[in-house]
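Only one structure is covered here, and it is reproduced in the block below.
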Amino acid sequence: MPYKTATGKVYDSGDFTAHMKRAMEVADWKEFPKRAKAAKKQGLVRGIGLASYVEVCGTMGEETANVRLDPDGDVTILIGTQSSGQGHQTAYAQLVSEQFGIPPERIHIHQATPTRSRPVSAPAARPRFPPAASASSALPASSVAS
1433 MPYKTATGKV YDSGDFTAHM KRAMEVADWK EFPKRAKAAK KQGLVRGIGL
1483 ASYVEVCGTM GEETANVRLD PDGDVTILIG TQSSGQGHQT AYAQLVSEQF
1533 GIPPERIHIH QATPTRSRPV SAPAARPRFP PAASASSALP ASSVAS
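Residue numbers 1433 to 1578, in the numbering used here, belong to the letters of the sequence shown in order.
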């Protein structure tokens, strides 16, 4: 490290070899031939493979969240990102729960829609959700909580 790619991007950190070795340990890679042989006896074909990739995270634009204290003591979050199975609601509820010291069940997450006021949001690309969108819900919650 650092490593410059053919497209000019620079990787400044990462222990890729160690991560691949660890993945192979967890997969019990050395014992795979035995598992494949046993599967073949049952008429099954078994394969094994390993791949990795690197992608840019957290740099796709502005993200905001509206945090509201409800009359019953619950907290409602209106967020712009749209979840497609990444667990946004759970992550937001956990972050805001820590800020307010209330159970996550009392945090209500609403994704913005055309009929609901929409906070500023860039596309809901998975890699930017944790660093950008999560921070946008935790930061206003911390100021409201204090």
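Don't be surprised by glycine CBs; every beta carbon is placed ideally from N, CA and C.
Classification of Ile1539 by the beta-carbon crowding that lies within 10 angstroms, buried from 16 upward: Sequence index remark: in the sequence shown, residue 1539 carries index 107 (1-based). Ile1539 comes out buried.
Option in Thr1513, Val1499, Phe1532, Gly1481 with minimal Cα separation from Met1456: One-based indexing of the sequence shown puts residue 1456 at position 24. Checking every option, the nearest Cα to that of Met1456 belongs to Gly1481.
Quick check on DSSP: helix, strand or coil for Lys1476? The count along the sequence shown starts at 1 and reaches residue 1476 at position 44. Per the sequence presented here, residue 1476 reads as Leu, with Lys not at that position. Residue state, collapsed to three classes: coil.
Report task. Taking the CB atoms as reference points, tell me whether Thr1496 and Gly1512 lie closer together than 8 Å. Result -> Your numbering for residue 1496 matches position 64 in the sequence shown. Your numbering for residue 1512 matches position 80 in the sequence shown. Yes; because the gap between Cβ atoms is below 8 Å, this pair is in contact.
request  = Give the secondary structure of Thr1508 by DSSP, where H, G and I count as helix, E and B as strand, and everything else as coil.
outcome  = To locate residue 1508, count along the sequence shown from 1; it is residue 76. Thr1508 falls in the strand class under three-state DSSP.
Using DSSP with H/G/I as helix, E/B as strand and the rest coil, what is Gln1601?
In this structure the chain extends from 1433 to 1578, so residue 1601 is not present and cannot be described.
Residue interval of the alpha helix (DSSP H) (run including Leu1527): Stepping through the sequence shown from its first residue, residue 1527 is reached at position 95. Where Leu1527 is concerned, the enclosing alpha helix (DSSP H) stretches over 1520-1532.
>> Quick check: Tyr1485 and Ile1509, are their CB atoms within less than 8 Å of each other?
In response: Within the sequence shown, residue 1485 is the residue found at index 53, counting from 1. Within the sequence shown, residue 1509 is the residue found at index 77, counting from 1. Their beta carbons are not under 8 Å apart, which means Tyr1485 does not touch Ile1509 by this criterion.
| said: According to DSSP, simplified to helix, strand and coil, what is Lys1436? | reply: Taking the first residue of the sequence shown as 1, we reach residue 1436 at position 4. Strand at Lys1436.
Bridge partners - Arg1500, DSSP secondary structure assignment:
Numbered from 1 along the sequence shown, position 68 holds the residue referred to as residue 1500. According to DSSP, Arg1500 bridges with Thr1508.
task = Use the C-beta contact count for His1451: other C-beta atoms within 10 angstroms, 16 or more gives buried, fewer gives exposed.
result = The residue you call residue 1451 lines up with position 19 of the sequence shown. Exposed, because fewer than 16 other Cβ atoms sit within 10 Å of the Cβ of His1451.
Item to check | Candidates Asp1447, Lys1472, Glu1463, Gly1505, of which the one nearest Phe1532 by Cα | outcome: If you number the sequence shown from 1, residue 1532 lands on position 100. Checked all of Asp1447, Lys1472, Glu1463, Gly1505; the closest Cα to Phe1532 is Gly1505.
Query raised in the report: Would Val1499 be called buried (16 or more neighbouring beta carbons within 10 Å of its own) or exposed?
Result: Translated into the one-based positions of the sequence shown, residue 1499 becomes position 67. With 16 or more other Cβ atoms within 10 Å, it is buried.
**Asked** According to the Cβ coordinates, are Tyr1536 and Gln1526 closer than 8 Å?
**Response** Here residue 1536 is taken as the residue at index 104 of the sequence shown, counted from 1. Here residue 1526 is taken as the residue at index 94 of the sequence shown, counted from 1. Checking the sequence, you will find Pro at residue 1536 rather than Tyr. Yes, Cβ-Cβ distance for Pro1536 and Gln1526 is below 8 Å.
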